[in-house]
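Residue numbers (the working numbering): 1487 to 1835.
See the structure below:
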């Protein structure tokens, strides 16, 4: 019986998640910290998903409504159109990857190229999410930074566990950097960026380029990145029951995305403990109502500590995933502009 139990535990995804401290301070209701615009979205999201997503399987969660659906619901209530922000051109294509073709979506701004390029990685804990789910962020950045955005549809876990998403992201970035003319881009002006798991991928792609002698992006945009493997940081405790990202949901992502706890200690997961020397300048954005806020700030501080220029801004009153909600959340508009300013400064050097 003991041997069977040991085998079962070894196979269970639950053992991959880091431990949550038994004792934690009382937690406020997430919406008590949200501003009125953010609260409206969170209430719609809670209405759309009455069952906590961490109680479902990845296949089930992928079919559930997400933050973009909550934004659309708010727009409908406000009597506003739900059409996406227009860009000059949107094209779906593929690039070569380590396990076959990788789908990408290319957003081209108005104007005359060659344009600077931003290779972008969507969020979703490496388990859910898609280029479509992060369409609004890519459109906003293409227009605000006047750059081509190449959004990467990397492989997801648990079908393809770590490091598959990282290898796809690195391969896509290197291909774009070596073939920028195919995208109407300038090879000397290529940056990477992403949100949540995508923010982690953006930073990891830079680590991989340094370690493997690949081409290095000139800037990294890391929006509330997953930067650690510790579920007991101050922001994890303060936002344990937050939506859309809670502490149990983040543990759920780790369970399905990683092969073992050892993966969680990899520099590509625990960016807050990685050797960050030689990485490009960064723009780092965090949100108050987000378990990842503490590790994002630590990551920004550690970049600064090794002499890397960093533009950092935390946004109070908003939650994880707010960056793509500019249609209904004013602080998202500000964050989009802050991100675009960092990109434009890098592209102009």
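Just so you know, even glycine gets a beta-carbon here, dropped at the ideal spot from N, CA and C. It should be emphasised that the depicted structure is a prediction, and the values quoted were computed from it without experimental measurement.
Determine the DSSP secondary structure at residue i, reduced to helix, strand or coil.
| i | result |
| --- | --- |
| residue 1668 | helix |
| residue 1607 | strand |
| residue 1593 | strand |
| residue 1556 | helix |
| residue 1720 | helix |
| residue 1540 | helix |
| residue 1759 | helix |
| residue 1812 | coil |
| residue 1575 | strand |
| residue 1535 | coil |
| residue 1618 | coil |
| residue 1613 | coil |
| residue 1774 | strand |
| residue 1642 | coil |
| residue 1648 | coil |
| residue 1799 | strand |
| residue 1677 | strand |
| residue 1734 | helix |
| residue 1805 | strand |
| residue 1768 | strand |
| residue 1586 | strand |
| residue 1580 | strand |
| residue 1548 | helix |
Buried or exposed: where does residue i fall if 16 or more other Cβ atoms within 10 Å of its Cβ makes it buried?
| i | result |
| --- | --- |
| residue 1792 | exposed |
| residue 1817 | buried |
| residue 1691 | buried |
| residue 1577 | exposed |
| residue 1779 | buried |
| residue 1622 | buried |
| residue 1688 | buried |
| residue 1537 | exposed |
| residue 1706 | buried |
| residue 1574 | exposed |
| residue 1562 | exposed |
| residue 1584 | exposed |
| residue 1748 | exposed |
| residue 1582 | exposed |
| residue 1840 | The structure shown does not extend to residue 1840, since the chain is modelled only from 1487 to 1835, so the question has no answer here. |
| residue 1713 | buried |
| residue 1580 | exposed |
| residue 1675 | buried |
| residue 1758 | buried |
| residue 1783 | buried |
| residue 1684 | buried |
| residue 1743 | buried |
| residue 1667 | exposed |
| residue 1802 | exposed |
For the beta strand (DSSP E) containing residue i, name the first residue and the last one.
| i | result |
| --- | --- |
| residue 1636 | 1634-1638 |
If I follow the unbroken alpha helix (DSSP H) through residue i, where does it start and stop?
| i | result |
| --- | --- |
| residue 1470 | The structure shown does not extend to residue 1470, since the chain is modelled only from 1487 through 1835, so no value can be given for it. |
| residue 1707 | Residue 1707 -> not in any alpha helix (DSSP H); beta strand (DSSP E) instead, spanning 1706-1709. |
| residue 1695 | 1683-1698 |
| residue 1747 | 1747-1750 |
Are three or more beta carbon pairs between the segment 1619-1629 and the segment 1665-1672 nearer than 8 Å?
With a cut-off of 8 Å, the segment 1665-1672 and the segment 1619-1629 do not count as touching, because too few Cβ pairs lie within range.
The segment 1558-1575 in contact with the segment 1603-1613 per 3-pair CB rule at 8 Å:
Between the segment 1558-1575 and the segment 1603-1613, the count of Cβ pairs shorter than 8 Å is below three; the stretches do not touch.
On the three-pair Cβ rule with 8 Å, is the segment 1702-1720 touching the segment 1647-1657?
Using a C-beta cut-off of 8 Å, the segment 1702-1720 makes no contact with the segment 1647-1657, since fewer than three inter-stretch Cβ pairs fall below that distance.
Three CB pairs or more closer than 8 Å across the segment 1797-1804 and the segment 1740-1758:
no
Cβ pair count under 8 Å reaching 3, the segment 1584-1594 against the segment 1656-1664
yes
Could you tell me whether the segment 1597-1604 touches the segment 1541-1553, using the rule of 3 or more Cβ pairs below 8 Å?
no
Does the count of Cβ pairs from the segment 1516-1529 and the segment 1553-1561 closer than 8 Å reach three?
Put simply, the segment 1516-1529 touches the segment 1553-1561. At least three CB pairs are less than 8 Å apart.
Pairs of beta-carbons, one from the segment 1768-1785 and one from the segment 1723-1734, closer than 8 Å: are there three or more?
Here the segment 1768-1785 lies against the segment 1723-1734, with 3 or more beta-carbon pairs under 8 Å apart.
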